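Residue numbers (the working numbering), protein chains in the order written: chain A, 974 to 1073; chain B, 31 to 416. Only one structure is covered here, and it is reproduced in the block below.
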Ligand SMILES: [Zn+2]
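Next up, the structure:
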């Protein structure tokens, strides 16, 4: 058993199109690190230059945001599901306009 | 909050009663609810994929006044999902095209057209006249602007957002509810997440998310209904799955927290990093590239589009290296020969050049300006623009 990570569409280009992955760890941070180590292209989307979790990616255990439950140091158990939910902006034309 | 709670409600004509009878038969709506809808003013920001079903359903439901903010014009590639516009509307401003379709559907609805881009200067002025705001925009700077303005004006902000097969919906700015900044304190730096035009979107997806937004708008107006405030609804159209996550109000939120540090609208382009100088790349136009190839010059063309995009058309002589794996391609390039990077519109290719520079590639790199779409437009009109 391991922790299941559900990968959103916006990040699948960086995980070989996988929609979920498994990783091991005792804390949320360890699981995410193992996931990023296995998918190096995804790392810059999860962590900023200082190794902090990016503020436009929310991580949920079940339906609870880890920010409200112990953060990266919070415990996690085999069989839990982590869901990554990044901000998405689309709606209209979706091409960022080039403003002068 | 019910958007029209304190208004004096006008009576309804017999024609109106006939038209809205299927609402009146619902005890949760009834005459009172329908009168509230008639008295309500809703602002739809963006008359695109989300704004299309929003405009149609809110008008059909009998919302008394709708405002539409959009400064774009209707383009052919919009019609795959923006069902409020038709072929006859191509090149017309979206806000006017949407107004005409709404009038056709329900002439009783008063429509105000705001054919402008929403800015920090005009937002409060436009938004304050409305009871509910619906966010159907396509970019982070407008989303943060709408969020902050709605918090300041205490107007509920019905949020929807889409990407490829995935959508999000919730209600921000409800009484004691969280705001967009509580959920996402800051946006991704530009270029990190591919834009929709490069990423694509399933046409029906904004239809579904826009309808969820429309439903939340109607309930906010009718009142006494449980809303999505405090819950993020996530929809995966490919797997046909809905999931739900809690959104807590953040006591440290800079706009809606206990000690807000932002009390007026800011510069949202700057906030979203759009004013940061991106490291420049050298451009080459489609015509120049054609001329160099015609002269037989050695050029290595690197196509950073994904495999399924290359199926739309194959760029002759190009080496395929998908953007998501660009930094692994360093050793396959010859640094003594100019490399021209191509993608759909020239954005991913520019980021590819920056990424390769960062990993130490030293050859000369050029970016095909405006991408393969420019090649189709200026060099080989037999190719499609997509
Ligand atoms: Zn907030």
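Where is the CB? At the ideal position from N, CA and C, for every residue including glycine. All values derive from a computational prediction rather than experimental measurement.
For the candidate residues the options, whose alpha-carbon lies nearest to that of residue i?
{"i": "residue 1015(A)", "options": "1037(A), 1062(A), 990(A)", "result": "990(A)"}
{"i": "residue 80(B)", "options": "179(B), 96(B), 233(B)", "result": "233(B)"}
{"i": "residue 417(B)", "options": "208(B), 176(B), 217(B), 172(B)", "result": "Residue 417(B) falls outside the range modelled here, since chain B spans only 31 to 416, and no answer is possible."}
{"i": "residue 1012(A)", "options": "980(A), 1058(A), 1025(A), 1028(A)", "result": "980(A)"}
{"i": "residue 1024(A)", "options": "978(A), 1009(A), 1034(A)", "result": "1009(A)"}
{"i": "residue 143(B)", "options": "115(B), 95(B), 104(B)", "result": "95(B)"}
{"i": "residue 364(B)", "options": "388(B), 339(B), 392(B), 380(B)", "result": "392(B)"}
{"i": "residue 186(B)", "options": "178(B), 193(B), 83(B)", "result": "178(B)"}
{"i": "residue 75(B)", "options": "145(B), 346(B), 351(B)", "result": "145(B)"}
{"i": "residue 309(B)", "options": "254(B), 332(B), 385(B), 278(B)", "result": "385(B)"}
{"i": "residue 328(B)", "options": "394(B), 382(B), 197(B)", "result": "394(B)"}
{"i": "residue 196(B)", "options": "240(B), 156(B), 40(B), 184(B)", "result": "240(B)"}
{"i": "residue 1055(A)", "options": "987(A), 1017(A), 1007(A)", "result": "1007(A)"}
{"i": "residue 50(B)", "options": "323(B), 138(B), 98(B)", "result": "138(B)"}
{"i": "residue 243(B)", "options": "408(B), 192(B), 344(B)", "result": "192(B)"}
{"i": "residue 296(B)", "options": "88(B), 351(B), 148(B), 362(B)", "result": "148(B)"}
{"i": "residue 156(B)", "options": "342(B), 82(B), 183(B), 134(B)", "result": "183(B)"}
Using a Cβ cut-off of 8 Å (strictly closer), state whether residue i contacts chain A.
{"i": "residue 121(B)", "result": "no"}
{"i": "residue 218(B)", "result": "yes"}
{"i": "residue 275(B)", "result": "yes"}
{"i": "residue 170(B)", "result": "yes"}
{"i": "residue 318(B)", "result": "no"}
{"i": "residue 402(B)", "result": "no"}
{"i": "residue 264(B)", "result": "yes"}
Checking contacts by CB at 8 Å: is residue i closer than that to chain B?
{"i": "residue 1058(A)", "result": "yes"}
{"i": "residue 1084(A)", "result": "No statement about residue 1084(A) is possible, as the shown extent of chain A runs from 974 to 1073 and does not include it."}
{"i": "residue 986(A)", "result": "yes"}
{"i": "residue 1034(A)", "result": "no"}
{"i": "residue 1004(A)", "result": "no"}
{"i": "residue 1061(A)", "result": "yes"}
{"i": "residue 1024(A)", "result": "no"}
{"i": "residue 1010(A)", "result": "no"}
{"i": "residue 997(A)", "result": "no"}
{"i": "residue 976(A)", "result": "no"}
{"i": "residue 1037(A)", "result": "yes"}
Taking its Cβ as the centre, do 16 or more other Cβ atoms sit within 10 Å of residue i, making it buried, or is it exposed?
{"i": "residue 165(B)", "result": "buried"}
{"i": "residue 78(B)", "result": "buried"}
{"i": "residue 268(B)", "result": "exposed"}
{"i": "residue 359(B)", "result": "buried"}
{"i": "residue 140(B)", "result": "exposed"}
{"i": "residue 249(B)", "result": "buried"}
{"i": "residue 110(B)", "result": "exposed"}
{"i": "residue 127(B)", "result": "buried"}
{"i": "residue 227(B)", "result": "Because residue 227(B) carries a pLDDT of 48, less than 50, the predicted location of this residue cannot be relied on, and the following value inherits that uncertainty. Buried, because 16 or more other Cβ atoms sit within 10 Å of the Cβ of residue 227(B)."}
{"i": "residue 388(B)", "result": "exposed"}
{"i": "residue 190(B)", "result": "buried"}
{"i": "residue 254(B)", "result": "exposed"}
{"i": "residue 337(B)", "result": "exposed"}
On the premise that residue j lies in contact with residue i, defined as a C-beta separation below 8 Å, what is that separation, rounded to the nearest angstrom?
{"i": "residue 298(B)", "j": "residue 150(B)", "result": "7 Å"}
{"i": "residue 168(B)", "j": "residue 983(A)", "result": "Incorrect: roughly 14 Å between the Cβ atoms, too far for contact."}
{"i": "residue 1047(A)", "j": "residue 1001(A)", "result": "5 Å"}
{"i": "residue 976(A)", "j": "residue 1049(A)", "result": "6 Å"}
{"i": "residue 215(B)", "j": "residue 1028(A)", "result": "4 Å"}
{"i": "residue 275(B)", "j": "residue 1036(A)", "result": "5 Å"}
{"i": "residue 285(B)", "j": "residue 211(B)", "result": "6 Å"}
{"i": "residue 415(B)", "j": "residue 397(B)", "result": "In fact, because the Cβ distance is near 18 Å, the residues do not count as touching under 8 Å."}
{"i": "residue 70(B)", "j": "residue 136(B)", "result": "That pair is no contact at about 14 Å."}
Counting only C-beta atoms, is residue i closer than 8 Å to chain D at any point?
{"i": "residue 191(B)", "result": "Given the protein chain composition of this structure (A and B), no chain D is represented."}
At 3 residues or longer, and completely inside the stretch 151–191 of chain B: list those beta strand (DSSP E) runs for me, N to C. 162–165
Counting only runs of 3+ residues fully inside the stretch 212–286 of chain B, write out the beta strand (DSSP E) ranges in chain order. 261–266, 271–276
Scan the stretch 101–159 of chain B and note each continuous alpha helix (DSSP H) run of 4 residues or more that stays entirely inside, going in chain order. Qualifying alpha helix (DSSP H) stretches, in chain order: 124–135, 153–157.
Suppose only complete runs of 3+ residues qualify. What are the beta strand (DSSP E) ranges in the stretch 982–1059 of chain A, listed by chain order? 993–996, 1030–1034, 1054–1059
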